[in-house]
Amino acid sequence: MSPARHAIEQNRRHRAWMLAAAVAVVVVVIGALGAVVTLRSGGDPDVAAAANRFRPLAGWWQVENEDRSGAGCVDTGCPLSFRRWQADAAPSPSDLRRSLESAGWSEPKITGTCRPVEGRSGTFPLCTVQASGDGMQLTLTVTEVDSYQILLTVESA
Numbered sequence: 084m085s086p087a088r089h090a091i092e093q094n095r096r097h098r099a100w101m102l103a104a105a106v107a108v109v110v111v112v113i114g115a116l117g118a119v120v121t122l123r124s125g126g127d128p129d130v131a132a133a134a135n136r137f138r139p140l141a142g143w144w145q146v147e148n149e150d151r152s153g154a155g156c157v158d159t160g161c162p163l164s165f166r167r168w169q170a171d172a173a174p175s176p177s178d179l180r181r182s183l184e185s186a187g188w189s190e191p192k193i194t195g196t197c198r199p200v201e202g203r204s205g206t207f208p209l210c211t212v213q214a215s216g217d218g219m220q221l222t223l224t225v226t227e228v229d230s231y232q233i234l235l236t237v238e239s240a
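For our numbering, add 83 to where a residue sits in the sequence shown, where the first one is 1.
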């Protein structure tokens, strides 16, 4: 092979490697940008952070914690956050109001007394608390099964 032909062949290989490296860099950059856009777009408003602002009262233990956001929950009306606690004693409406207000939920509306009703059996709400703000709706429901069940739901409005 002549020196000129050898130089042309080496230059061609060099260009092929440079092109492959450039394509790889472009693919990585596009993938990284796509990941950033995907992560930032899911969860606006951030219902999980809003649900985590609520602090359970003394004597509650958490039994469920679920956050739904992103493309997988378009059909179910997401983003949505659930928190469920159990307690041995029923919370008072005033304690619930204070706890919600300290978490930044203004003017919570409470329906019911949060106390069992004589003669009624089965699962039904003893009280319901609703509040809204920052593009989100909060609902807190207290029921009694074997113990008191407190379910917090935060969803985008």
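Built from N, CA and C at the ideal position, the CB exists for glycine as well. Bear in mind that the values here come from a model prediction, so they are computed numbers and not experimental data.
Using 10 angstroms around the beta-carbon of residue i, count the other beta-carbons present and answer buried if the total reaches 16, otherwise exposed.
i, result
"Thr224", "buried"
"Ser189", "exposed"
"Pro174", "buried"
"Val130", "buried"
"Ala141", "exposed"
"Ser124", "Confidence is the limiting factor: at Ser124 the pLDDT is only 49, short of 50, which leaves the residue's position unreliable and the question unanswerable from this model."
Would you kindly report the start and end of the unbroken beta strand (DSSP E) that includes residue i?
i, result
"Leu140", "No beta strand (DSSP E) contains Leu140, which DSSP labels as neither H nor E."
"Trp168", "Leu163 to Ala170"
"Ala214", "Pro208 to Gly216"
"Gly195", "Lys192 to Gly195"
"Ser239", "Tyr231 to Ser239"
"Val225", "Met219 to Glu227"
Grab the span of the alpha helix (DSSP H) containing residue i for me, first residue to last.
i, result
"Glu184", "Pro176 to Ser185"
Are the beta-carbon atoms belonging to residue i and residue j less than 8 Å from one another?
i, j, result
"Gln169", "Val200", "no"
"Thr226", "Thr206", "yes"
"Ser182", "Phe137", "yes"
"Phe165", "Leu234", "yes"
Please report how far the alpha carbon of residue i lies from the alpha carbon of residue j, in whole angstroms.
i, j, result
"Ser230", "Arg203", "15 Å"
"Met101", "Val109", "12 Å"
"Val237", "Met219", "7 Å"
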